[in-house]
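Peer 1: Before I ask anything, here is the structure I am working with.
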Amino acid sequence: MRILIILVLVLTGGYASAHQWTPTYPKLKPSHIVGVYTTKMELFNARKEISYYSVGVFDKDWKKVPFVSTPSLLKVRHLDKKLVEIYLHKRDIKRAHYICSKSKILSSVRDPSIIASRICSKIK
Numbered sequence: 048m049r050i051l052i053i054l055v056l057v058l059t060g061g062y063a064s065a066h067q068w069t070p071t072y073p074k075l076k077p078s079h080i081v082g083v084y085t086t087k088m089e090l091f092n093a094r095k096e097i098s099y100y101s102v103g104v105f106d107k108d109w110k111k112v113p114f115v116s117t118p119s120l121l122k123v124r125h126l127d128k129k130l131v132e133i134y135l136h137k138r139d140i141k142r143a144h145y146i147c148s149k150s151k152i153l154s155s156v157r158d159p160s161i162i163a164s165r166i167c168s169k170i171k
């Protein structure tokens, strides 16, 4: 009987869709500016109800690390991809451990079932 209940739940349950943030382990490379390193990240929006995402760089204790991206607030339509360039100063490379994207929910959206998601990649 338990197996039947589990099977029914698995077959009738939905799935949680989120955005994708790749690569999982980005590598920083010297940019065209002396003392500045860069990497490229790709954001894929699999969420119909979300169109905006922010980018952040964090240390191992989840404190913000200064960075520049093009742009830092992204508008990505449902099922679209956006390439994001991240720039870090050489002095901040050893502190930076994670590059994250976070979904932004507009204040006009009143649906209680919508949750924000954050996906992080660990810098190699």
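All residue numbers for the sequence shown refer to the working numbering, where the first residue is 48 and numbers rise by one.
Heads up, the beta-carbon is just placed ideally off N, CA and C, and yes, glycines get one too.
Out of 78, 129, 108 and 74, which one is the CA nearest neighbour of residue 148?
Peer 2: Cα-wise, what sits closest to residue 148 is 129.
Peer 1: Classify residue 95 as helix, strand or coil using the three-state DSSP reduction.
Peer 2: DSSP places residue 95 in coil when its eight states are reduced to three.
Peer 1: Secondary structure at residue 137, three-state DSSP: helix, strand or coil?
Peer 2: Of the three classes helix, strand and coil, the one that applies to residue 137 here is helix, per DSSP.
Peer 1: Whose C-alpha, out of 152, 117, 140 and 169, is nearest the C-alpha of residue 163?
Peer 2: Closest by alpha carbon: 152.
Peer 1: Any contact between the stretch 72-82 and the stretch 107-122? By contact I mean 3 or more CB pairs, one from each, below 8 angstroms.
Peer 2: No, the stretch 72-82 does not touch the stretch 107-122.
Peer 1: Using the three-state DSSP reduction, which class does residue 170 fall into: helix, strand or coil?
Peer 2: Note: residue 170 maps to coil in three-state DSSP.
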